[in-house]
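Colleague: Here it is: the structure, laid out below.
Residue numbers (the working numbering), protein chains in the order written: chain P, 25 to 326; chain D, 617 to 1050; chain G, 7 to 274.
In structure tokens:
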């Protein structure tokens, strides 16, 4: 072993080159399927491009046109509304659930597994199930009828109600998922810290807020930023569960959905690429925010 | 030390590379092979295969590669394939997207001789109603396609539901939209809480296409044209458009006879929850029969003050040939199209598809058919959907205006004025030759 | 008290899943029956499942999804392990910049890529093919990062001992490193399978032919009935089937599943 380590520098260099070989396929792959598309996407955002004809360079024309594009402007507010509705409540409720499931009580593992189940199905399945449950005169309407007195509720067709319904369905699949991340954080807190707090006379809530939550700061930022980044990209649920793929009246047309619509329904590839550049910029802000808050923390790199 | 190792490593890399490349290698193409793409219509596919086998016997030097593409993504599939140059040679394009292909120069006119006719006029003459009947396949006086399916809509009634309401579809079927409201009310069933259990009639709300197939033709009945396919202009902010919008609005909100929140009309009809549907063609009869529904067929209602005697829009699917195909492939494709459109009787019998060849629709078998003459009659009166480039964007914009007014309760004047400018912009952007 | 709160949470969140499974055995009209029926009275056996297979080539969809998921898993695990090991245990020129490059791809949302990636796949002639479906998503930077973390913990002595024995570097990777990374690989594999199996946007865009469709895209036939009556029970049957592989994975590999998910921060 020692002879190897002290052998000629050229030999070590040759051995270290293997690291390069090991890494190379991955780097090549990402160059082809990430770097190149991102650069060409930037280029397409400055072209008029229908896919049927070669792109024509138009400078910042697409971005200027977006400023006047009512559907695009609406999609920004739809996206921000969705981000707000599907991050903060999720953050709170998933933390609450994690606190519950970090306690010791009989049947905990089974109940946790049942609670976790909504994470498993794809969003298409989620949409299929909720389309049945949210039928205007379906089960959910019946369940809330004692409170509303209504025989029919247009959960998905009422422009005011529909975005809320979509957020609720999303949160149903998201809360158990983020609960898991909180739980990983909570179980990582050494038991003696809690015990020490209890010995000092702190009650349950005091322990939670004074000892545990401050230690969970990295997790808190991680959950907040990841749920935000995921929400900014919302597409599948809006595509599958809302009437007319983003309706009614475009109240569920997120930027992600609009990119698809412009790109693959209208073949306005240039405009779609421009929207994706704007979306990218918005997400970068969130990422930057996350990095500033978690520098050096456990999850910082993700 | 690492020689053998390196070899192994690069062998693995090479294998991986081959693995990746082998994915991309397309099938070898042969001299006169015609790539034929059809949209999915389950009853038609076996008949296509049968006829293709016949064709192979008769034309041994023309190979046919037959691909069936699912309905929902048909337009996108075709457009993207054409753009990549990997598109089909002969394809069954619909009248909704044909405007885009024509505008992009993707299509070639019919090669009448290769298709088995003396000239273009001979083709027109072989269809009932001649040139007018093939209006949906004609651009600037030149024929670009041969119909695989010409379709007009008419109304189906669920006789059992009519009887239960004490009505007879044969005598009581509404001839006007004004009467439609009255009849639909009689056929509507609500539960004790007022929730709709059964609808009398409803529009097709969930698919934006039906703004163009059913809403706009109702405007056209009043004498106005919503989308002008020749000049690429729109007429939305008009009294005629308002009259129709008001009717749809009242249907959902004032009279509460239906609306976008309920199950789609076709499905509801088959499930026995809807007494009339008018958004279906002759090809739908087998499905109604499979669902065990006894039905009658009636023309789509007109307005009491109608100016134009049209029902809903007619539309079609038709064989077109790609301009990207080599000349000899184009000719072979037209030969195939001519051959495939020479069995109108079998396509109607097996798949419910109407190819209105003159000999066929004047035959006794056709005239004795219980439903077809109604559809043919409507077909001869209806106007084809506007065959414009940017069709999808236009229909989405029209649906947006409709939903803003009907679901969103926005002011009709504002919305229609905005829709007028929005649709005009889309049309201006898509107008060919700009 | 904790038990009752947990019970309420579990019942509320699990109910739709329960509804999905039981409804797949109900008759079509029974799904909307009031009062609600917890269990089918008009028990259909697997009739609704059979109807689904009649209507679309569901078997083909499952094959396509499984094929894609398995290729994704195998390629991601092997190449991530290679790259993670390369980054963790070697020092070479450009290492830092390469690592940050790979890492940066995690922050790039897929929405940004769809247009250019589609055009690229298109130009390669891969649109509507297994190649177009699988290759652009075959690697995942998250895997590289995860494997790198685990590769750090491999003792250098072990590797050096193998070198003394004359083992080549690739052999060391294959025979020593890869087995040591097995637990991490299992987490990664489970999670990549989940992403791949549930992936919707890319298959939706790139695949046109029915015979190449994956389960999530193919099953939209049942959520968007165009011509037929809504077949809710059939839709629930397909949903149940589509979720079954993931549910089995969860039940049998729960530890890896949870570890992988918690590390990835992404729901498929």
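Even glycine gets a Cβ: it sits at the ideal position worked out from N, Cα and C.
Are the CB atoms of residue 890(D) and residue 818(D) within a distance shorter than 8 Å?
Modeller: Your numbering for residue 818(D) matches position 202 in the second chain. Your numbering for residue 890(D) matches position 274 in the second chain. Contact flag set, yes.
Colleague: Cβ of residue 291(P) less than 8 Å from any chain D Cβ?
Modeller: Locating residue 291(P) in the first chain gives position 267, counting from the first residue. At least one chain D Cβ lies under 8 Å of residue 291(P).
Colleague: Look up residue 264(P) in the DSSP assignment and say whether it is helix, strand or coil.
Modeller: Translated into positions along the first chain, residue 264(P) becomes position 240. Three-state DSSP puts residue 264(P) in a helix.
Colleague: For residue 990(D), I'd like the list of residues in its chain whose CB is within less than 6 Å of its CB, leaving aside the five on either flank, ordered along the chain.
Modeller: Taking the first residue of the second chain as position 1, residue 990(D) is located at position 374. The residues are 770, 913.
Colleague: Can you check DSSP and say which residues form a bridge with residue 1009(D)?
Modeller: By 1-based counting over the second chain, the position of residue 1009(D) is 393. In the DSSP output, where bridge partners are listed per residue, residue 1009(D) has none listed.
Colleague: Going along the segment 874-897 of chain D in order, which residues come within less than 9 Å of chain G, judged by CB to CB distance?
Modeller: Taking 9 Å as the upper bound on Cβ-Cβ separation, chain G lies near residues 879, 880, 882, 883, 884, 885, 886, 887, 888, 889, 896 of the segment 874-897 of chain D.
Colleague: As a quick exercise: from 61(P), 122(P), 172(P), 266(P), pick the residue whose alpha carbon is nearest that of residue 236(P).
Modeller: Along the first chain, one-based indexing puts residue 236(P) at 212. Here the closest residue by C-alpha is 122(P).
Colleague: Using alpha carbons as the reference points, say which of 37(G), 254(G), 162(G), 57(G) lies closest to residue 227(G).
Modeller: To locate residue 227(G), count along the third chain from 1; it is residue 221. Checked all of 37(G), 254(G), 162(G), 57(G); the closest Cα to residue 227(G) is 57(G).
Colleague: Does the separation of the CB atoms of residue 701(D) and residue 940(D) fall below 8 Å?
Modeller: Locating residue 701(D) in the second chain gives position 85, counting from the first residue. Locating residue 940(D) in the second chain gives position 324, counting from the first residue. Yes. Within cutoff.
Colleague: Kindly indicate which three-state DSSP category residue 914(D) falls into: helix, strand or coil?
Modeller: Counting from 1 along the second chain, the entry for residue 914(D) is found at position 298. If DSSP states are grouped into helix, strand and coil, residue 914(D) belongs with the strands.
Colleague: Return the CA-CA distance between residue 252(G) and residue 196(P), expressed in angstroms with no decimal places.
Modeller: Residue 252(G) sits at position 246 when you count from the first residue of the third chain. Residue 196(P) sits at position 172 when you count from the first residue of the first chain. Roughly 18 Å between the two C-alpha positions.
Colleague: Quick one: give me the first and last residue of the beta strand (DSSP E) that residue 770(D) is part of.
Modeller: Reading the second chain from its first residue, position 154 is the one you call residue 770(D). Residue 770(D) -> beta strand (DSSP E) spans 770-774.
Colleague: Taking Cβ-Cβ distances below 8 Å as the criterion, which residues of the segment 644-665 of chain D are in contact with chain G?
Modeller: 656
Colleague: What does the Cβ neighbour count give for residue 652(D), buried or exposed, with the cut at 16 atoms within 10 Å?
Modeller: Along the second chain, read from residue 1 onward, the residue named residue 652(D) stands at position 36. Residue 652(D) is buried by the Cβ-count criterion.
Colleague: So, using beta-carbon positions, are residue 715(D) and residue 1042(D) closer together than 8 Å?
Modeller: One-based indexing of the second chain puts residue 715(D) at position 99. One-based indexing of the second chain puts residue 1042(D) at position 426. Taking C-beta atoms as the reference points, residue 715(D) and residue 1042(D) fail to come closer than 8 Å.
Colleague: What would DSSP say about residue 843(D), mapped onto helix, strand or coil?
Modeller: The residue you call residue 843(D) lines up with position 227 of the second chain. Looking at residue 843(D) - three-state DSSP - the assignment turns out to be strand.
Colleague: Could you check whether the segment 169-180 of chain G touches the segment 42-50 of chain G, counting it as contact only if at least three pairs of C-beta atoms, one from each stretch, sit closer than 8 Å?
Modeller: As far as the Cβ criterion goes, the segment 169-180 of chain G does not touch the segment 42-50 of chain G, which means the pair count is below three.
Colleague: Comparing alpha-carbon positions, which option in 16(G), 37(G), 151(G), 202(G) lies nearest residue 142(G)?
Modeller: Reading the third chain from its first residue, position 136 is the one you call residue 142(G). That would be 202(G), whose Cα lies nearest to the Cα of residue 142(G).
Colleague: List, in order along the chain, the chain P residues whose C-beta lies closer than 7 Å to that of residue 1019(D)?
Modeller: Mapped onto the second chain, residue 1019(D) falls at position 403. In chain order: 271, 272, 273.
Colleague: From the DSSP output, read off the bridge partner residues of residue 930(D).
Modeller: Within the second chain, residue 930(D) is the residue found at index 314, counting from 1. Answer by DSSP bridge pairing, in chain order: 1000(D).
Colleague: In three-state DSSP terms, what is residue 806(D)?
Modeller: Start at 1 with the first residue of the second chain, and residue 806(D) comes out as number 190. Residue 806(D): strand per DSSP, three-state reduction.
Colleague: Buried or exposed for residue 127(P), going by 16 or more other Cβ atoms inside 10 Å?
Modeller: Taking the first chain and counting its residues from 1, the one referred to as residue 127(P) is at position 103. By the neighbour-count rule (16 or more Cβ atoms within 10 Å), residue 127(P) is not buried but exposed.
Colleague: Can you give, in chain order, each stretch of the alpha helix (DSSP H) that sits fully within the segment 110-187 of chain P and has at least 4 residues?
Modeller: Under the rule that a run must span 4 or more residues, the alpha helix (DSSP H) segments found entirely inside the segment 110-187 of chain P read 132-140, 147-157, 163-172.
Colleague: Using a C-beta to C-beta distance shorter than 7 Å, which residues of chain D count as neighbours of residue 268(P)?
Modeller: Within the first chain, residue 268(P) is the residue found at index 244, counting from 1. Within chain D, the residues near residue 268(P) are 822, 824, 1015.
Colleague: Which two residues bound the contiguous beta strand (DSSP E) that contains residue 4(G)?
Modeller: Nothing can be reported for residue 4(G): it is not among the residues displayed for chain G, which extend from 7 to 274.
Colleague: Is any beta-carbon of chain P found at less than 8 Å from that of residue 1009(D)?
Modeller: Locating residue 1009(D) in the second chain gives position 393, where the first residue counts as 1. Chain P, which has a Cβ nearer than 8 Å to the Cβ of residue 1009(D), makes this yes.
Colleague: Over what stretch of residues does the alpha helix (DSSP H) that includes residue 95(G) continue unbroken?
Modeller: Stepping through the third chain from its first residue, residue 95(G) is reached at position 89. Note, residue 95(G): alpha helix (DSSP H), 64-95.
Colleague: To be precise: take each residue of the segment 215-231 of chain G, compare its Cβ to all Cβ atoms of chain D, and keep it if any distance is under 8 Å. Which residues remain?
Modeller: Among the residues of the segment 215-231 of chain G, those with a Cβ less than 8 Å away from any Cβ of chain D are 215, 216, 219, 226, 227, 230, 231, in the order of the chain.
Colleague: Per DSSP, residue 202(G) forms a beta bridge with which residues?
Modeller: The residue given as residue 202(G) occupies position 196 in the third chain. Residue 202(G) pairs with nothing; no bridge assigned.
Colleague: In chain order, which continuous runs of the beta strand (DSSP E) of length 3 or greater are located wholly inside the segment 688-736 of chain D?
Modeller: 706-710
Colleague: Cβ atoms of residue 258(P) and residue 277(P): under 8 Å apart, would you say?
Modeller: Locating residue 277(P) in the first chain gives position 253, counting from the first residue. Locating residue 258(P) in the first chain gives position 234, counting from the first residue. Taking 8 Å as the Cβ cut-off, residue 277(P) and residue 258(P) do not qualify as a contacting pair.
Colleague: Between the Cα of residue 973(D) and the Cα atoms of 669(D), 713(D), 738(D), which residue gives the shortest distance?
Modeller: Your numbering for residue 973(D) matches position 357 in the second chain. Considering only alpha carbons, the answer is 738(D).
Colleague: Beta strand (DSSP E) containing residue 812(D): first to last residue?
Modeller: Walking along the second chain from the start, residue 812(D) turns up at place 196. Run containing residue 812(D): 812-817, per the beta strand (DSSP E) assignment.
Colleague: Are the beta-carbon atoms of residue 109(G) and residue 53(G) separated by less than 8 Å?
Modeller: For the purposes of this step, residue 109(G) is identified with residue 103 of the third chain, where counting begins at 1. For the purposes of this step, residue 53(G) is identified with residue 47 of the third chain, where counting begins at 1. Not in contact: residue 109(G) and residue 53(G) (Cβ atoms no closer than 8 Å).
Colleague: Looking at the unbroken beta strand (DSSP E) that takes in residue 682(D), where does it start and where does it end?
Modeller: Residue 682(D) sits at position 66 when you count from the first residue of the second chain. Where residue 682(D) is concerned, the enclosing beta strand (DSSP E) stretches over 679-685.
Colleague: So does the segment 977-994 of chain D actually touch the segment 1002-1020 of chain D, counting three or more Cβ pairs closer than 8 Å?
Modeller: no
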